[in-house]
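A.B. asks:
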Amino acid sequence: QVQLQQSGTELVKPASSVKISCKASGYTFTSNYMHWIRQQPGNGLEWIGWIYPGNGNTKYNQKFDGKATLTADKSSSTAYMQLSSLTSEDSAVYFCAKEKFRGRGFAYWGQGTLVTVSS
Amino acid sequence: DVQMTQSPSYLAASPGESVSISCKASKSINTYLAWYQEKPGKTNKLLIYSGSTLQSGTPSRFSGSGSGTDFTLTIRSLEPEDFAVYYCQQHNEYPFTFGSGTKLEIK
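Sequence order for the protein chains is H and X.
Numbers -9 to 109, taken from this note's numbering, label the letters of the first sequence in order.
Numbers 1013 to 1119, taken from this note's numbering, label the letters of the second sequence in order.
1) Distance check for residue 1065(X) and residue 89(H), CA to CA, integer angstroms please.
2) In or out: residue 103(H) buried (at least 16 other Cβ within 10 Å) or exposed?
3) Determine the DSSP secondary structure at residue 1112(X), reduced to helix, strand or coil.
4) Using a Cβ-based criterion (distance less than 7 Å to any ligand heavy atom), does residue -7(H) qualify as near the ligand ATP?
5) Go through its chain and collect everything with a Cβ distance to residue 71(H)'s Cβ below 6 Å, but skip five positions before and after it.
6) Take residue 1070(X) and list the residues in its own chain whose beta-carbon comes closer than 6 Å to its own, dropping the five residues that flank it on each side.
7) The stretch 92 to 105 of chain H: which residues have C-beta closer than 9 Å to a C-beta of chain X, in chain order?
8) For a contact defined as C-beta to C-beta under 9 Å, what are the partners of residue 1084(X) on chain H?
9) Report yes or no: is there a C-beta of chain H within less than 8 Å of the C-beta of residue 1116(X)?
10) Return helix, strand or coil for residue 77(H), following the three-state DSSP convention.
11) Taking C-alpha atoms, which residue in 1062(X), 1115(X) and 1015(X) lies nearest to residue 1076(X)?
12) What would DSSP say about residue 1094(X), mapped onto helix, strand or coil?
13) Grab me the residues of residue 1039(X)'s own chain with a C-beta within less than 8 Å of its C-beta, minus the 5 sequence neighbours each way, in chain order.
14) Quick one: residues in its chain with C-beta nearer than 7 Å to the C-beta of residue 1102(X), no 5 flanking neighbours on either side, listed in chain order?
15) Starting from the Cα of residue 76(H), find the closest Cα among -6(H), 44(H) and 8(H) and give me that residue.
16) Under 8 Å Cβ-Cβ, which residues of chain X neighbour residue 49(H)?
17) Output, in chain order, the set of chain B residues within a Cβ distance shorter than 7 Å of residue 16(H).
18) Please check the pair residue 99(H) and residue -6(H), which I expect to be a contact at CB under 8 Å, by giving their CB distance rounded to whole angstroms.
19) My parser needs the alpha helix (DSSP H) runs of 4 or more residues fully inside the stretch 1038 to 1067 of chain X; what are they?
20) For residue 1090(X) versus residue 1028(X), is the C-beta spacing smaller than 8 Å?
21) Give me, in chain order, the residues of the same chain whose beta-carbon lies closer than 8 Å to that of residue 23(H); leave out the 5 immediate sequence neighbours on both sides.
22) Any idea if residue 1022(X) is buried or exposed, counting beta-carbon neighbours within 10 angstroms, 16 or more meaning buried?
23) Go to residue 14(H), then tell me how far its beta strand (DSSP E) extends in each direction, as first and last residue.
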């Protein structure tokens, strides 16, 4: 069965960077888009972008250009998101997610990674 | 960006009752709308996609309707496990955008 296992909670300092991971299993990692989504405390969900691990192509929400960088390691079926120049506004839960079929919503979600930015 | 306006933000109901949640898009999204359920300690669950198609495993008491800009999620005969937060999401164009959520609580 499809599983997306995310890395654990991060407590990081302002102006630093953090890299969180999403290990995929149960499907062909290289043939499926991996999406990333943010949920700030008390707020709704925001789509950050996707990566296609097969060729490394990415697409970002313009709002996250320069903030988020998506990469993927085919050998370990793991997707990564690096967040840079962190501020308190970046404190949030970050999810990886994938569609079962393209254009039919996110059928699979990771459990979320809490990132807290604090000095 | 397509703005998704979801209402109400809070809803209280009793088991056995029926409820509806509205989601309005700022421009036409055809039928590219999904509904999700969020519960503590569980991963988010896709309930409905393409406006009205039930995801495999979604109970038939859930239904979705609408096209263009106006969409509705209806839950008939609420079960205890249905009390959760619900989100709509458009996947018609980038960037994908979500509604602000509806918290459904037991009255």
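The C-beta atom is built at its ideal place from N, Cα and C for all residues, glycine as well.
On a predicted model such as this, the values are computed, not experimentally measured, just so you know.
C.D. replies: In short:
1) Residue 89(H) and residue 1065(X): Cα-Cα distance of roughly 15 Å.
2) So residue 103(H) ends up on the buried side.
3) It is coil, neither helix nor strand.
4) Questions concerning the ligand ATP fall outside what the structure shown contains, since it holds no ligand whatsoever.
5) Cβ-Cβ distances below 6 Å link residue 71(H) to 10, 26, 58 and 60 in the same chain, with the five nearest sequence neighbours on each side left out; the list follows chain order.
6) Within its own chain, the residues whose Cβ lies closer than 6 Å to the Cβ of residue 1070(X), once the five positions on either side in sequence are excluded, are 1059, listed in chain order.
7) Residues of the stretch 92 to 105 of chain H with a C-beta less than 9 Å from any C-beta of chain X: 93, 94, 95, 96, 97, 98, 99, 100, 101 and 102, listed in chain order.
8) Near residue 1084(X) there are no residues of chain H at all, since even the closest Cβ is about 16 Å away, more than 9 Å.
9) Taking Cβ atoms only, chain H never reaches closer than 8 Å to residue 1116(X), which makes this a no.
10) Here residue 77(H) sits in coil by DSSP.
11) Nearest of 1062(X), 1115(X) and 1015(X) to residue 1076(X), Cα basis: 1062(X).
12) Taken through DSSP and simplified to helix, strand or coil, residue 1094(X) comes out as helix.
13) Non-local C-beta neighbours of residue 1039(X) in its own chain, meaning closer than 8 Å and more than five positions away in sequence, comprise 1014 and 1081, ordered along the chain.
14) Here the set comprises 1014, 1016, 1037, 1041, 1044, 1045, 1108 and 1109.
15) Cα-wise, what sits closest to residue 76(H) is 8(H).
16) Neighbours of residue 49(H) on chain X, chain order: 1106.
17) Here the protein chains are H and X, and chain B is not one of them.
18) Confirmed, about 7 Å.
19) If we require 4 residues or more, the stretch 1038 to 1067 of chain X turns out to have no alpha helix (DSSP H) run fully inside it.
20) For the pair residue 1090(X) and residue 1028(X), the CB atoms are nearer than the 8 Å cut-off.
21) For residue 23(H), where only same-chain residues beyond five positions count, the Cβ hits under 8 Å are 40, 41, 42, 88, 89 and 92.
22) So residue 1022(X) ends up on the exposed side.
23) DSSP places residue 14(H) inside the beta strand (DSSP E), whose first and last residues are 8 to 15.
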